[in-house]
Amino acid sequence: MIQEQQWLLSLGTFLPLVGVLVMLFIPKKDEVAAKGVALVTAIATLAVGIYTLVQFDYDQSEKLQFFTTNKWITPIKATYTVGLDGISLPLYILSMVITVLVMVYSWNHVPEPGNTKAFFILMLVLQTGMAGTFVAQDLILFFVFFEVVLLPMYFMIGVWGGENRQYASLKFFLYTMFGSALMLVSFIALFVVTKNAPGVNPDDANFSFQWFDEHGRDIARDTAIWIFAGMFIGFAVKVPMFPFHTWLPDAHTQAPTQGSVILAAILLKLGTYGFVRIAIPFLPQAAVKWAPIIGVLAVIGIIYGALGCLAQTDMKRLIAFSSVAHMGFVMLGISTLTDLGISAALFGMVAHGLITGMLFFVAGSVKERYHTLEIKRLSGMLLQMPKMGWILGFCAMASLGLPGLAGFWGEFPAILASWDPLSGEGLPYGGLSVGLYQGLTIVAALGTVLAAGYLLWLYQRTAFGEVSAEFAGTGHDAHGHDSHGHDAHGDDHSDIHDVNTFEWIAWTPLLIAIVVFGVVPSLMFDVMDPAVSLITDRFGGK
Amino acid sequence: MFAESTEAAGWFLENAWLIPLIPAVAFFLILGFGKRMPRGGSEIGIASMLASLVIAAGTAYQWVQRVDAPVAEGEHALARGSFGFARTFSEEAAEAGHEVAPVISTLDWFDIGRLHVSIGSHIDGLAVTLLLLVAFISTLVQIYSTEYVRGDRRYTHFFASITLFSAGMLTMVLAPNMLQFILGWEIMGLCSFLLIGHWWEETANSKAALKAFFTVRVGDMGLLVGTAALFALFGTMEIGEINEQAANFAGDNKGMLLFAAIALFIACIGKSGQFPLHTWLPDAMAGPTPVSSLLHSSTMVVAGVFLVARLYPVFHVGLDINVAGQSFNLIAVIGGITVLIAAGLAFVQDDIKKVLAYSTVSQLGYMMLGLGVGAWTGAVFHIFTHAFFKCALFLCAGSIAHTGSHHSFDMKKDMGGLRKKMPVTFVVWIVSTMALMGVPFFSGFFSKDEIIDSAKHNHYTVFYFVAIIGAAMTAAYMTRATYLTFFGKARGGAAHFVHGHDDAHDTHDAHADAHGHDAHGHDDHHAPAHHSAPLPFAKTDSSWQITVPLIILGVLAIFSGYLNAPALGIHWFEHMTESSIGAGSAMSVPPPPEFSWAAAAPGLLLVLAGFVVSLLISKAVFGEKKTALQGLTQRNSLLGAGHKFLVNKYYLDALYENVIVKAVAYPIARAAYWTNQHVLDGIVNAVGIGGKRTGELVYKYVDQGLVDGAVNGSGATARGAGGALQPVQSGKVNLYGALLFGAAAVGALVLVLVNS
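Sequences listed follow chains X and U, in order. For the first sequence, the residue numbers in my numbering are 1 to 542. For the second sequence, the residue numbers in my numbering are 543 to 1298.
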């Protein structure tokens, strides 16, 4: 642990709330001021994040840095402990970047029914919750942040969402809450069991990660398996893993673009992060028993999500289902309990955040222009909006795992790892069934084929071809479609235009990041790997 | 111990990584600045390919020097060169014959746990061959394209994609490890998608592009899984180390090696258009002709063959190739089937590009067959010679469409009698066709004959017969295509051209609508001002950008074969490349058999027979005289059925598209989705509704009935009012939340009690 600049993480986490405080005093009508304050706050937060990035000691990325611990709720032994290591750093920064970009995008894209001020306040609150979850080093603190995230998203979907927003938001909230409840039970149980373990001074017990890291592994295996079960459901709902995923397509489809992006880019990662940070290291004896179940469900999710995509007629819902498949690869990587697999999973989390976030951005902009996302009504996007069309193509290629783009490094190493999972002689907690995992690998590889299928199919139908008659005559349409006649249709779809300035500002960083992490994956792997080794070392594997 | 690296190998051998890097950079330059350049970015593409070609030539030259004069033995040199490159030269050379160590230059890319990944170059005879080949053909095709796609609405994109393709292929060819290999492999797939779908306004083209990418991707599953299996088995991604370990494989885990070989071979089936995944390749002809000639005949589609050749020890040991008594193996069987079924399909095509496409599939089958029977040199050499003559044939087809047949590729409707008006195209076509048929002293003869000879010599007798029958079929279908194109009466588009009406553009539209992939996107193609000058001795032929590459390729279609002509006692190519399959290993690839005319005779006689029979039938069926053979397939039901079977491509496409794809895309996907909506989501909704009901009941009977029962009568009224005031659903969140937390609290209590 490196206890320098102890204030840094707290500043980065809570700075958005300062902005919220200021915004409360801005009249509702003054939208520009509200947006301005929110954006400035988000940028300031990101600046703190970049400062963190600079100050981070990359030679010791396995250690918790900017670590601080304080008394918090003493009666229940909860502490205010925050720290950052190589696992949380990329996600922590990603959350800040995404918030800024989403705000830029929202500048002239505030969804119906308006109320700009509230919308931006929610985004700032969300940012605090997300960042807090990634820096928390205490189970109760983690849980609080984990839950703080729920409420803004609930309102975002429920108020600014689509037609079926009430159902979707309620489902999202309740489903996640259900998982959280079980998770909390497990947290408490874990605390009680470790506290009462023989040879432990009960007065030393507290909720800090460090405590569980040291004592969790001594719990009897059967008890640990039950405790793991609660955490499993809590995190699996959030990921979401098959069969706990049904809230996701509804939430994504109904959420406003901004909500979808944040949901895909960050919120889903809270679940996978929980597995890597809490469930697996604290209860290694149970993790080995649960891993095959996680692996099987992950692979079912890969295939099932892909099949779900193929059945969709709506572009946004298709992207939502693709998340189920991609998170399946992440969970498959985690379930191997190897260095390679978990590193791949962490990379995959960030890559999925960038790529699927971009896809949701594009879907939102398409919806705004065409007022529909029905695949069969869209055609020839490349003719009307060439830039948008190429961006969609780029993201589709990234999403299907083209090497050289970020998505590949989450997928292929996960496949490599799952062919050769934790196994061997003399492992402290036992190994995994190699045969099972090799079978899973083959099925997962089939998922990459299906991914190519649904993404290219989507692309072929929406971007290629001639502009459909319904939308013809507007937009870029530079290639001499005079016969369609601007006069006839010119009035209907005058808002079909190519990528605008705000979209460029919001998207360019993501597009660049997809390429940069695809070409130089070591940027992330080097940071994560030492911290991941620290987790996997306890399994004694590779 | 530490030597100056430049002394150890040579500048080009160590800096070969520049060969793919230059076109890769050029790709970004074309994207960024192409549209502002006077020639739309094509100049950047051509310049980059020329630069790559120069370096590739230098690399080849130094490689030849290296083979002929091996460096001092037993020396391990490790030096740090410029740019932080760590160079390793393992010079364990020359224990037996010409074993020359590859030159490997790598740069660390990243590490994750035990996975170490580098990028760089692995230069040996095989890599040098392909580097030179790809750079050379790419250059010619780009020059050709400046005329062929002139005025295209996406001219710059075309050059960007085709340059990126070359970068991808070159990256793959010199890959020192499997990850870089996969990188190049997938970039090629992307470019193939982009270029087949270049004229994506038409649904047929975009569907062909989708089909190509998707079919190849099915095979790529094998590449991912096979690489994972090799990594688990050998703990490395480095191709050199994998080959070495596979060649000396003695473990008890032979099954896993077999599995890896099969998995990787599935990828090769997809990429190299082998049966049963060959169906995408003929459809890929929807792309512009330069694309067909570069990607889909001479370079990209050999990637699968290259993979087998590159990791030959894995396949050779894994599949027990050349083990005494073996007369069948997976690679030979797939290659053999491919040779025959594709040759059969080439007979019934009316589209000249489809004839060539099936011919390509068939020739790729020869290469695979060669690798399957242990004729490594023959197969690799066939990659080399086939590239020149098949590329030439495609460019001839493009030249005809461009100049002679009004952008139609239909041999029956728009060609015929073109030989006099297009002399250059005609001569190059004939030369290339003879090379393809395997006529002695043309390049294809030397490479194909070695494969055929090895099949017999290595006791793969069935495949020997497959190969010579295939050769006869090749001669026959090419004779048919040649007759239809250049002889007989000029028809349709060709008639206008041959009879001097080639300015009669009024009829063009009808033709363009009826057929012709190239019709689209060539809107402003016809303005005469766009056509550049033809060569002085062939004034009616295509312009020089088209004919000059044709002449060069035509010359090579003859002479490239003399690099390895066993019939003349030349084994130079073999000498240069043989070290590529592992030096000093326990693996035993038999040496190519001694050439004898007696052994070659049966195959040559069959080729002659195929030529004669086909010529006679073609004259009878397509000639001007009325004969009994015309319309025979309509009159004879058996022949008709056979014809129909071939025209429908053995119904494989129907199987894939109507049965498999439709099953996955529709019933299976829909069933999964139905399950999602009605079963999984049904449970969720049922729980939600159940919770709500429970809440209502608790509220009604427990809360209102018991607790609040004392307050008589007012309960119902209050409930109604409360319900009306609250927003329909959001108000219940509190209730659910409370219930869930209540449950959680009870659960926690139970756990605490149980455990303490």
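Cβ atoms here follow ideal geometry from the backbone N, Cα and C, with glycine treated the same way.
Using the three-state DSSP reduction, which class does residue i fall into: helix, strand or coil?
| i | result |
| --- | --- |
| Phe-464(X) | coil |
| Trp-72(X) | strand |
| Thr-601(U) | helix |
| Thr-372(X) | coil |
| Ile-2(X) | coil |
| Ile-565(X) | Residue 565(X) is absent from the model: chain X starts at 1 and stops at 542. |
| Leu-15(X) | helix |
| Asp-314(X) | strand |
| Trp-651(U) | strand |
| His-658(U) | strand |
| Gln-65(X) | strand |
| Asp-138(X) | strand |
Just grab the DSSP bridge partners of residue i for me.
| i | result |
| --- | --- |
| Asp-952(U) | Asp-893(U) |
| Asn-719(U) | Glu-780(U) |
| Lys-79(X) | It is worth fixing the name first, because residue 79(X) is Thr in this sequence and not Lys. DSSP output for Thr-79(X) lists Lys-71(X) as bridge partner(s). |
| Val-645(U) | Ile-665(U) |
| Pro-1076(U) | Ser-1085(U) |
I'd like to check one pair, residue j with residue i: are the Cβ atoms closer than 8 Å?
| i | j | result |
| --- | --- | --- |
| Pro-16(X) | Thr-194(X) | no |
| Ala-298(X) | Ala-287(X) | no |
| Glu-992(U) | Gly-667(U) | no |
| Pro-403(X) | Glu-728(U) | yes |
| Gly-199(X) | Ile-233(X) | no |
| Val-1226(U) | Tyr-175(X) | yes |
| Val-261(X) | Phe-360(X) | yes |
| Lys-954(U) | Leu-898(U) | no |
| Gln-816(U) | Gly-877(U) | yes |
| Ser-106(X) | Asp-85(X) | no |
Let me see if you follow: with CB-CB separation under 8 Å, is residue i close to chain X or not?
| i | result |
| --- | --- |
| Asn-1000(U) | no |
| Tyr-1241(U) | no |
| Leu-752(U) | yes |
| Arg-656(U) | yes |
| Phe-554(U) | no |
| Ile-784(U) | no |
| Gly-576(U) | no |
Does chain U have any CB closer than 8 Å to the CB of residue i?
| i | result |
| --- | --- |
| Gly-485(X) | With a pLDDT of only 40 at Gly-485(X), under the threshold of 50, the placement of this residue in the model should not be trusted, and no figure is reported. |
| Ile-442(X) | yes |
| Asp-537(X) | no |
| Val-449(X) | yes |
| Leu-94(X) | no |
| His-489(X) | A caution first: His-489(X) carries a pLDDT of 42, below 50, which makes its placement in the model too unreliable to give a value. |
Measuring only the C-alpha atoms, how far is residue i from residue j?
| i | j | result |
| --- | --- | --- |
| Leu-674(U) | Glu-112(X) | 60 Å |
| Ser-335(X) | Thr-272(X) | 11 Å |
| Pro-824(U) | Lys-896(U) | 6 Å |
| Tyr-437(X) | Asp-420(X) | 8 Å |
| Ser-10(X) | Leu-190(X) | 27 Å |
| Gly-541(X) | Lys-238(X) | 28 Å |
| Ile-121(X) | Thr-778(U) | 51 Å |
| Pro-1091(U) | His-252(X) | 54 Å |
| Asp-250(X) | Ile-302(X) | 18 Å |
| Phe-776(U) | Met-123(X) | 49 Å |
| Tyr-370(X) | Gln-254(X) | 17 Å |
| Thr-372(X) | Lys-1081(U) | 56 Å |
> Listed in chain order, which residues of the segment 1135–1165 of chain U have Cβ atoms closer than 9 Å to some Cβ of chain A?
Replying inline: Here chain A cannot be found, since the structure's protein chains are X and U.
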